[in-house]
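Peer 1: According to our numbering, the sequence shown holds residues 73 to 256 in order.
Even for Gly, the Cβ is constructed at its ideal location relative to N, Cα and C.
If you're wondering where the values come from, they're calculated on a predicted model, not measured in any experiment.
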Amino acid sequence: MDPVDMGDDLAGVLLSEAQIAARLDELAAQIDRDYAGKAVLVVGVLKGAVMVMADLVRRLHTPVQMDWMAVSSYGSGTKSSGVVRILKDLDTDLTGRHVLIVEDIIDSGLTLSWLLANLRSRGPESVEIATMLRKPGAAKVDVDVRYVGFDIPNEFVVGYGLDYAEKYRNLPFVGTLAPHVYSH
Ligand code: PRP
């Protein structure tokens, strides 16, 4: 998919494929340094994290095992409650493991703050977070995030795993959505 495929739904390209790739190179190098001599269990949070997970782990020299979780807020109206439901749990026992959660975006921070507490209760050696995007302007809770790709403005963004009504996850870049798409 490219910008032309979005027609007038695209307001602008916020992060190009090249910018994303360059930042991933830096994050992967940092992760390799931090986990030298260790093995990491990388946990991707479905569905948005699929792209960053795939691109990040392929840059790592550190041995990784990959697992996935799917979580959902209880109903759209209660997302801000921070109450999260597990739709698909991990297959892996976390006892003694170094866990790295991989996310596409931290918005309010509620999902990650819940997930962090949940995974920490399972006896891992360590739990850290890597997120491609973070919106500081939308934060409702502080989440301690070790690896952040980009801090971005509080706007509707799509692409690189992020959807609007399940569309546009497969854009290779991050774009801002034109207001007419979500304002009716
Ligand atoms: C997105 C994103 C995070 C969460 C962040 O997932 O992948 O999990 O929202 O929002 P928060 O910081 O306000 O909690 P979403 O619920 O849209 O599911 P998806 O990944 O399947 O699109």
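Is glutamate 98 helix, strand or coil by DSSP?
Peer 2: helix
Peer 1: For methionine 73, which residues from the same chain have a beta carbon less than 6 Å from its beta carbon, with the 5 sequence-adjacent residues on both sides left out?
Peer 2: Asn242 and Leu243
Peer 1: Using three-state DSSP, classify tyrosine 254 as helix, strand or coil.
Peer 2: helix
Peer 1: Under DSSP, the alpha helix (DSSP H) around methionine 123 begins and ends at which residues?
Peer 2: 122 to 129
Peer 1: Assuming valine 24 contacts valine 171 under a Cβ cut-off of 8 Å, what Cβ separation, rounded to an integer in Å, is found between them?
Peer 2: Absent from the structure is residue 24, since the part of the chain shown begins at 73 and ends at 256.
Peer 1: On the CB-based measure, 16 or more other CB atoms within 10 Å of its CB, does valine 246 come out buried or exposed?
Peer 2: By the 10 Å Cβ count, valine 246 comes out buried.
Peer 1: Would you list the one or two residues that DSSP bridges to aspartate 223?
Peer 2: Arg206
Peer 1: Label glycine 120 either buried or exposed according to how many other C-beta atoms from any shown protein chain fall within 10 Å of its C-beta, with 16 as the threshold for buried.
Peer 2: buried
Peer 1: Pop quiz: methionine 138 and valine 129 are said to be a contact at Cβ under 8 Å. What is the actual Cβ separation, rounded to whole angstroms?
Peer 2: 6 Å
Peer 1: DSSP three-state call for arginine 157: helix, strand or coil?
Peer 2: strand
Peer 1: Give a yes or no on whether 9 Å exceeds the smallest Cβ distance from isoleucine 158 to chain D.
Peer 2: Any reference to chain D falls outside this structure, which holds one protein chain only.
Peer 1: Excluding the 5 residues flanking leucine 82 on each side, which residues of the same chain have their C-beta closer than 6 Å to its C-beta?
Peer 2: Cβ within range, chain order: Pro75 and Gly247.
Peer 1: Following the continuous beta strand (DSSP E) through alanine 108, name the residue where it begins and the one where it ends.
Peer 2: Careful: alanine 108 lies outside any beta strand (DSSP E) and carries neither H nor E.
Peer 1: Could you please give me the residues that DSSP links to threonine 248 through a beta bridge?
Peer 2: In DSSP, threonine 248 forms a bridge with Gly84 and Val229.
Peer 1: Cα-Cα, which of Leu184, Arg169 and Ser180 is closest to isoleucine 158?
Peer 2: Leu184
Peer 1: Considering Cα atoms alone, identify which of Gly79, Val143, His252 and Leu166 is closest to glutamate 200.
Peer 2: Leu166
Peer 1: Taking the straight line between their C-alpha atoms, what separation do you get for glycine 209 and aspartate 223?
Peer 2: 9 Å
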